[in-house]
């Protein structure tokens, strides 16, 4: 249930500058959200309270709130218990936007493939540079699980793909760079439906891709940055070629 701030809750909101009142209202609320003064699920103060805090008109305040909603920072809820609620995550909104751009061909699948290859190369090279013993052990544990699915054949194709995703996410996490991690996961989430559609189970493909993961792990463990990048990009390009070839057949 949305959390409504108490009337005596201290906020940093102040009277908006009259020379740029609309933008100042937007900036103040945005800053309060981004700095954590208002957390996901919190309700902003009521319209009446904010109108008094900012010393502005209802029309200016509502326009500012609409801008913040378009930015994905808040959700405007109507009704008796309505108001402006801080959104739980901007990630979901960005994921949906990328997904829509793919569906409406504003971004081609080939462009997404190319970008994913670049990102995987970067984060895998970073992993080769930064991975510690604990990171390596974690990757080995994931590969052990993946190997079981390979040995059980294409009946566990989806389970192998889940381990493949987990392996790549673990590599991205080693980079310790939140931007790389965010972009990596967003790209993977949006390309996954195309895997499901254009990447049918195949025993040879299963074994080839498992070997790719083994090669990637070996290069990371040996701290061979260039090989790590090359193996990661080769792995992604292999998947992409399978998908492209299959999509041409299906279409």
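Residue numbers (full-length UniProt numbering): 1 to 251. For glycine and all other residues, C-beta sits at the position ideal for the given N, C-alpha and C. Since the model is a prediction, treat every value here as computed from it, not as a measurement.
Can you round the beta-carbon distance between residue i and residue j to whole angstroms, since I take them to be within the 8 Å contact cut?
i: residue 117; j: residue 237; result: 6 Å
i: residue 113; j: residue 240; result: 4 Å
i: residue 223; j: residue 129; result: 7 Å
i: residue 86; j: residue 41; result: 7 Å
i: residue 135; j: residue 174; result: 5 Å
i: residue 243; j: residue 210; result: With 8 Å as the limit, residue 243 and residue 210 do not qualify as a contact, their Cβ atoms being about 18 Å apart.
i: residue 184; j: residue 170; result: The Cβ separation is near 11 Å, so there is no contact.
i: residue 61; j: residue 76; result: Not confirmed; about 12 Å, so no contact.
i: residue 121; j: residue 232; result: 5 Å
Kindly indicate which three-state DSSP category residue i falls into: helix, strand or coil?
i: residue 119; result: helix
i: residue 175; result: coil
i: residue 227; result: helix
i: residue 105; result: coil
i: residue 167; result: helix
i: residue 13; result: coil
i: residue 200; result: coil
i: residue 250; result: Its pLDDT being 45, under 50, residue 250 is placed unreliably by the model, and the measurement read from it follows with that caveat. Of the three classes helix, strand and coil, the one that applies to residue 250 here is helix, per DSSP.
Which first and last residues belong to the alpha helix (DSSP H) in which residue i is found?
i: residue 148; result: 133-151
i: residue 220; result: 203-221
8 Å is my cut-off, CB to CB: does residue i come that close to chain E?
i: residue 149; result: Of the protein chains in the structure, only one exists, and it is not chain E.
Would you say the beta carbon of residue i comes nearer than 7 Å to a heavy atom of the ligand ZN?
i: residue 65; result: For the ligand ZN, the structure offers nothing, since it holds no ligand at all.
Complete beta strand (DSSP E) runs within the UniProt domain "HTH gntR-type" (19-89) (minimum length 3 residues, chain order) | 74-77 and 83-86
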